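Here is the structure we will look at.
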Amino acid sequence: MSTETVLTIEHLNKSFGKKHIIKDLSMELNSGEVYGFLGPNGAGKTTTIKMIVGLLRIDSGSIKICGKDLLKNYEEAMGNIGGIVENPEMYKYLTGRQNLRQYARMRKGVTQKRIEEVIELVGLSNWADKKISKYSLGMRQRLGIAQAILHRPKILILDEPTNGLDPAGIKQMRGILRKLAHEEGVCVMVSSHLMSEMELMCDRVAIISKGELIEVQTIENLVNENSSTQQYIYQVNDVEALKKLLLDMYKDNEGVKAEQEDERTLVLTIPNELEKDLPKINKAVIEAGIELTTVSHKAAAKLEDAFIELTSDEQGGGQIA
Ligand SMILES: Nc1ncnc2c1ncn2[C@@H]1O[C@H](COP(=O)(O)OP(=O)(O)O)[C@@H](O)[C@H]1O
Ligand SMILES: [Mg+2]
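Residue 255 is where the sequence shown starts when you use my numbering, and the numbers rise one by one after that.
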């Protein structure tokens, strides 16, 4: 699947009264990626998204959707966008399938086959003939996605889609969005104020703070570049023994820390340059007869730290370029 730029935002500005809310925002989003739009509450995510989906007027700058300027070619531009900003309109007393049919009538060229396709895509096959009043929040969100992608938009935009969902619901949502991007080539833009959520869901993340774009990074880089250490979580049968082994191995290195988290869990902190030692460490653990259940990279927490660091207003306004 070839990648193309499907959304180009240039020097976007928006004020409410005298308050300058969105400040010279520029971004490019590609087909086939899940693009996270991350920022604390009040950063300007919803305002930006409303401008992209045509719900709010632009003060200055431009938004191009698949090369079409939103202001000059409104219809064509909007034809390539599907979005959920506020709760989508749905009829509670109708079933999921009936709702989609109802909605399809307002859209050109949506076939019965497409309706079945989107039901399958969002995993609602078993629920399509149940009334929406019986749906969980997660199911309603997924039906909202089904509705938003009926007309096969190249861009799907969701404002905080995981708000209020339980972990299982978040996981399902993540699976659907990643599939849409990676298998169907859709550009999926999701906003969130939670870094840990973005890490698992997105390919790239843009961080916005006080209406300004602070940085755009692949998740991978964001995790690695903003920290000089890495953390690994070890699940073992004997935490004491593991701790002793690690501290013996690295007794001369102050950068290495081994901390017990609970009965079976130890968190190892090592400087980036020692990451290459990991196979050696794990071999030693096995050789010492310690039963190793799992080792996992504790990236989410670090990413959270990176996010806080990036969006926090340091004295003198020190900005991270
Ligand atoms: N219609 C409006 N009138 C005045 N101020 C607004 C309006 N909508 C949003 N704002 C302000 O703009 C800022 C950004 O809001 P918003 O885009 O909703 O942030 P986010 O979605 O990142 O939480 C906030 O300070 C908010 O109070
Ligand atoms: Mg918002």
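We treat Cβ as the ideally placed atom computed from N, Cα and C, and that holds for glycine. Bear in mind the structure is a predicted one, so any value in this text is a computation, not a measurement.
Worksheet item: Measuring from the CB of Thr300, is there a heavy atom of ligand 1 at a distance below 7 Å?
Response: yes
Worksheet item: With a CB to CB cut of under 6 Å and the five nearest residues on each side skipped, what residues in its chain are close to Val510?
Response: Cβ neighbours of Val510 beyond the five flanking positions: Tyr504, Ile524.
Fill in: Alpha carbon of Ile247 to alpha carbon of Val339, nearest angstrom
Not covered by the structure: residue 247. The range shown for the chain is 255 to 575.
Worksheet item: From Leu283, Leu324, His274, Lys318, pick the residue whose C-alpha is nearest to that of Thr301; which is it?
Response: His274
Worksheet item: Does ligand 1 have even one heavy atom less than 7 Å from the beta-carbon of Lys277?
Response: no
Item to complete: Can you grab the Cα-Cα spacing for the pair Leu397 / Thr259, in whole Å?
Response: 27 Å
Worksheet item: By Cβ distance below 6 Å, which residues in the same chain neighbour Ser550 in space, the five residues on each side in sequence not counted?
Response: Ile487
Fill in: Lys273 Cβ short of 7 Å to ligand 1 heavy atom set
yes
Worksheet entry | Where Lys511 sits in the DSSP three-state scheme | strand
Discussion item. Only counting the same chain, and skipping five residues up and downstream in sequence, which positions put a Cβ closer than 8 Å to that of Ala538?
Written reply: Leu499, Met503
Worksheet entry | contact_flag[the region 281 to 288, the region 322 to 340] where n(CB pairs < 8 Å) is 3 or more | no
Worksheet item: Sorry if obvious, but does the Cβ on Glu343 come closer than 7 Å to a heavy atom of ligand 2?
Response: Glu343 Cβ: outside cutoff for every heavy atom of ligand 2.
Discussion item. Please classify Tyr328 as buried or exposed, where buried requires at least 16 neighbouring CB atoms within 10 angstroms.
Written reply: exposed
Worksheet item: How many Å lie between Leu419 and Glu541 at the Cα?
Response: 43 Å
Discussion item. Looking at ligand 1, does it come within less than 7 Å of Phe561, judged from the CB to the closest heavy atom?
Written reply: no
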